[in-house]
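Colleague: Sequence lines, in order, name chains A and B. Be aware that the first sequence starts at 1, since it is given in the numbering used here, and climbs by one per residue. Be aware that the second sequence starts at 106, since it is given in the numbering used here, and climbs by one per residue. Even for Gly, the Cβ is constructed at its ideal location relative to N, Cα and C. Since the structure is predicted, the reported quantities are computational estimates derived from the model, not experimental observations.
2 protein chains.
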Amino acid sequence: MEGVLHALADPVRVAMYAGIVAQGCPQNCSSFLTVSDKAIPKSTLSQHFKILREAGLIRSERHGVEMRNVSRCAELEQRFPGLIQAIVNAHAIQSAAKARPVSVR
Amino acid sequence: MEGVLHALADPVRVAMYAGIVAQGCPQNCSSFLTVSDKAIPKSTLSQHFKILREAGLIRSERHGVEMRNVSRCAELEQRFPGLIQAIVNAHAIQSAAKARPVSVR
DNA sequence: TCAGTAGTTCTGGACTTATGAACTATTGAA
DNA sequence: TTCAATAGTTCATAAGTCCAGAACTACTGA
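1) So, for Ile-58/A: in the same chain, excluding its five sequence neighbours on each side, which residues have a beta-carbon less than 8 angstroms away from its beta-carbon?
2) For the region 136 to 156 of chain B and the region 29 to 38 of chain A, state whether three or more C-beta atom pairs, one from each stretch, are separated by less than 8 angstroms.
3) Does the Cβ of Ser-47/B have 16 or more other Cβ atoms within 10 Å, making it buried, or fewer, making it exposed?
4) Going along the chain, which residues of the region 116 to 139 of chain B sit with their C-beta nearer than 8 angstroms to a C-beta in chain A?
5) Residues bridged to Ile-58/A by DSSP?
6) Tell me, to the nearest whole angstrom, how far the beta carbon of His-91/A is from that of Val-14/A; I am working on the premise that it is less than 8 angstroms.
7) For the alpha helix (DSSP H) containing Ala-202/B, name the first residue and the last one.
8) Would you call Ser-95/A buried or exposed, if buried means 16 or more other Cβ atoms sit within 10 Å of its Cβ?
9) For Glu-77/A, which residues in the same chain have their Cβ closer than 7 angstroms to its Cβ, ignoring the five residues on either side in sequence?
10) By Cβ distance below 7 angstroms, which residues in the same chain neighbour Val-180/A in space, the five residues on each side in sequence not counted?
11) Can you give me, in chain order, the residues of the region 171 to 199 of chain B that have a beta carbon less than 8 angstroms from any beta carbon in chain A?
12) Can you give me the C-alpha to C-alpha distance between Gln-152/B and Arg-62/A, rounded to a whole angstrom?
13) Which of the residues in the region 148 to 168 of chain B, read from start to end, lie with their CB under 9 angstroms from any CB of chain A?
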């Protein structure tokens, strides 16, 4: 759980994770080459995904040449009920407040 | 919010915060000279309190020679509904799982 | 004024994190 | 099979953050 909070305490990672949760379909790394109008190098992205994986927040599966990232909501919900939902909500509230005119992501 | 998660991503700080929330009465620094059976130097404690304060999680008031720390639940609940509750719950679940025979703290 | 208690600030070493360069893995085409 | 292209990972290192001892400030009571 310490790992979960640490993973989501980073603005880039929480945006990535919120993106993965929001899209029903799995997202590959390159979906996040820019996050909130900021360019993220691939090596950094790869580290971020690693941290999300190790925190148990996502699972990554190779499909051909790309990796598809899926959120592990159900497992986390079982271990820490309400936690993920509350964080994703808080993130949405915050990014809505930050950039009012444009929708989240 | 990033600050809130970062503050509570540390096992010592989340234990401290949970302690402050659990006790109705304000807690001074020295209440936490040991956290989960681990001795914490005063200077480190002071840093931890500073981080909790700057994240908006607590307020510290001097009363004579000591500082009393109060949680700012209500304000946070208003900004990020459910977040603090979910994290404190998750912490309780986790520390119960870790040391089953003994109660939280 | 002094001693004692409570907490803060400073500082340096240890640990983390971000990123460019070089790498591996997979695919599709020649 | 070889080659080029795409997608991600690993490595090295420079920059940043964190911990804890030493020295400090703030307040109280004698």
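Modeller: Looking at the atomic coordinates:
1) As a working mapping, residue 58/A is identified with position 58 in the first sequence. Cβ within range, chain order: Tyr-17, Ile-20, Phe-49, Leu-52, Asn-69, Val-70, Ser-71, Arg-72.
2) no
3) Absent from the model: residue 47/B. The displayed extent of chain B is 106 to 210, so no value can be given.
4) Pro-116, Val-119
5) Here residue 58/A is taken as the residue at index 58 of the first sequence, counted from 1. For Ile-58/A, which the question treats as bridged, DSSP gives the partners Ser-71/A.
6) Sequence index remark: in the first sequence, residue 91/A carries index 91 (1-based). Sequence index remark: in the first sequence, residue 14/A carries index 14 (1-based). That pair is a contact at about 5 angstroms.
7) Residue 202/B sits at position 97 when you count from the first residue of the second sequence. Note, Ala-202/B: alpha helix (DSSP H), 188 to 203.
8) Your numbering for residue 95/A matches position 95 in the first sequence. Buried, because 16 or more other Cβ atoms sit within 10 Å of the Cβ of Ser-95/A.
9) Position 77 of the first sequence, counted from the first residue, corresponds to residue 77/A. These residues qualify, in order along the chain: Ile-84.
10) Given that chain A is displayed from residue 1 to residue 105, the structure contains no residue 180/A and the question cannot be resolved.
11) Arg-184, Phe-185, Pro-186, Gly-187, Leu-188, Gln-190, Ala-191, Ile-192, Asn-194, Ala-195, His-196, Ile-198, Gln-199
12) Against the second sequence, residue 152/B aligns to sequence position 47. Against the first sequence, residue 62/A aligns to sequence position 62. Rounded to the nearest angstrom, the two C-alpha atoms are 43 angstroms apart.
13) none
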